[in-house]
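In full-length UniProt numbering, the protein residues as written are 1 to 300.
The beta carbon of each residue, even a glycine, is placed where N, CA and C say it ideally should be.
Notes follow the structure.
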Amino acid sequence: MKRHRLDLHDPQMSKDADLIPRAVVAVGATSTSESWEHEQHSHRKAQLMYTLRGVIHCEIEAGIWIVPPQCALWIPGGMSHAARGSGEAHVYCLLVDPDASDALPPQCCTLGVSGLLHELITKAVSFPQLYDVEGAQGRLISTLLDELGEAPIEDLHLPMPQDPRLRRLADSLLADPGDKATLGQWAVRIGMSERSMTRLLLEELGLSFGRWRRQLHVILSLQRLAKGESVQRVALDLGYENASGFITMFRKAVGQPPARYLADRVGITGNAGQLGIAMVDAPAQHAFPEALKMQLPDRK
């Protein structure tokens with residue numbers, strides 16, 4: 001698929017945000033092209049990516065985080081990350097000074113976004129960058145930081161192995177998630193004994209091979225279901241005999257069938273067609289996004 005380089009409203013947004021003397025810089029971003037990419041980068045301020053619509057991949061160190069609708073991805077300051085996406089996207093980004101609050105997460109994670117936090121973020125995006133710290137806007141930002149510090153951490157993390165043999169396995173399953181090879185067959189493929197592979201998976205990931213693969217299927221299925229693909233199509237592509245087997249796996253993993261899980265996260269946007277999901281995986285080199293327009297507040 002062709003990747004487009006983006007004409008950003010302000011290509012120095014991340015660097016500029018680090019220089020703005022405010023606890024929070026809030027921006028809105030919209031993409032209307034088929035796909036876009038954002039080069040690997042880092043900045044001093046932490047970042048919250050809150051997806052209202054679209055599918056976004058954020059690539060951060062050795063793990064995959066999935067962000068369903070009404071959730072957000074938290075990236076601590078100084079952590080290198082890249083992003084890519086497909087289809088129409090609508091995202092709010094907060095760049096937060098690391099000294100703004102002691103309650104902010106020290107690690108990368110997904111956060112649940114309450115109705116109040118949603119409204120606070122939406123309002124903050126309309127503020128000028130140099131908002132009045134002592135006025136009403138400054139008080140709202142303080143409330144936003146308090147609410148952000150109370151946001152629940154979602155357990156939607158898929159760790160990625162560092163051992164090159166296990167990484168080969170993980171990359172193969174990411175490329176072909178419907179591969180039904182058994183643990184023993186995978187051990188032969190990557191040149192390990194079944195016992196050594198099992199032990200190393202538990203040491204590096206804290207998960208068995210079966211649990212890791214199920215979590216991968218949950219992540220990939222949410223990405224595709226959020227784009228409107230049918231449960232039947234997704235189930236077959238992931239190697240299940242039918243939709244029923246896939247739904248059983250999904251319910252066991254997250255406690256709800258996929259349709260209910262996604263529907264419960266539409267309340268804020270109000271439209272199942274506006275579901276947004278973000279995923280993150282290991283670092284990769286990407287071009288700067290072209291279809292992602294950053295609407296920065298005026299500097300007043």
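Where the alpha helix (DSSP H) through residue i begins and ends
i       : result
Thr-248 : 243-254
Thr-110 : That residue, Thr-110, is in no alpha helix (DSSP H); its beta strand (DSSP E) goes 109-112.
Leu-145 : 136-150
Val-125 : 115-125
Ser-172 : 164-175
Backbone secondary structure at residue i - three-state DSSP
i       : result
Pro-159 : strand
Ile-268 : For Ile-268, the predicted model reports a pLDDT of 46, less than 50, meaning its position is unreliable and no value from the coordinates is stated.
Ile-64  : strand
Met-192 : coil
Gly-276 : Low per-residue confidence applies at Gly-276: pLDDT is 43, beneath 50, and the placement is therefore not dependable enough to give any value.
Gly-28  : strand
Leu-95  : strand
Thr-51  : strand
His-81  : strand
Ala-287 : In this prediction, Ala-287 scores a pLDDT of 28, lower than 50, which makes its location untrustworthy; the coordinate-derived value is nonetheless stated afterwards. If DSSP states are grouped into helix, strand and coil, Ala-287 belongs with coil.
Gln-40  : strand
Ala-259 : helix
Leu-229 : Looking at the sequence shown, residue 229 is not Leu but Glu. It is coil, neither helix nor strand.
Ile-56  : strand
Ala-23  : coil
Ala-89  : strand
Ala-46  : strand
Arg-299 : The pLDDT assigned to Arg-299 is 43, lower than 50, so where the model puts this residue is not dependable; a value taken from the coordinates is nonetheless given after this. Correct three-state label for Arg-299: coil.
Spatially closest choice to residue i from the options, by CA coordinates
i       : options                            : result
Gly-77  : Ile-60, His-157, Leu-202           : Ile-60
Asp-163 : Trp-36, Val-25, Met-197, Ala-226   : Met-197
Trp-74  : Ala-89, His-90, Arg-53, Ala-103    : Ala-103
Ala-29  : Leu-166, Thr-122, Asp-237, Gly-191 : Thr-122
Tyr-131 : Phe-250, Ala-26, Gly-178           : Ala-26
Arg-44  : Tyr-50, Arg-22, Tyr-261, Cys-58    : Arg-22
Ala-187 : Arg-199, Asp-176, Val-231, Gly-178 : Arg-199
Gln-129 : Leu-201, Asp-146, Asp-18           : Asp-18
Leu-156 : Arg-84, Arg-165, Arg-195, Cys-108  : Cys-108
Arg-53  : Cys-71, Glu-203, Ser-42, Gln-40    : Cys-71
Leu-238 : Ile-219, Glu-154, Leu-262, Gln-40  : Ile-219
Leu-111 : Met-49, Ser-208, Met-79            : Met-49
Leu-158 : His-217, Ala-263, Leu-225          : His-217
Ile-153 : Pro-106, Glu-194, Leu-205, Asp-171 : Pro-106
Ser-221 : Ala-259, Thr-143, Glu-203          : Ala-259
Leu-207 : Ile-20, Leu-140, Ala-170           : Ala-170
Ala-89  : Leu-144, Glu-203, Gln-40, Ala-226  : Ala-226
Glu-150 : Arg-195, Asp-179, Gly-115, Arg-233 : Gly-115
Tyr-240 : Asp-179, Ser-142, Arg-139          : Asp-179
Asp-97  : Ser-142, Arg-84, Cys-58            : Ser-142
Contact check, residue i vs residue j, beta carbons under 9 Å
i           : j       : result
Ile-190     : Arg-168 : yes
residue 303 : Ala-46  : There is simply no residue 303 to check, as the chain begins at 1 and stops at 300 in what is shown.
Pro-215     : Ala-243 : For the record, residue 215 in the displayed sequence is Gln; it is not Pro. The answer is no: Cβ separation not under 9 Å.
Ile-56      : Val-91  : yes
Ala-82      : Glu-37  : yes
Met-160     : Ile-64  : yes
Ala-235     : Gly-245 : yes
Val-24      : Ala-136 : no
residue 302 : Glu-147 : The structure shown has nothing for residue 302, since the chain only spans 1 to 300.
Leu-173     : Arg-213 : yes
Ser-80      : Ser-126 : no
Leu-144     : Ala-175 : no
Boundaries (first-last residue) of the beta strand (DSSP E) holding residue i
i      : result
Leu-73 : 71-75
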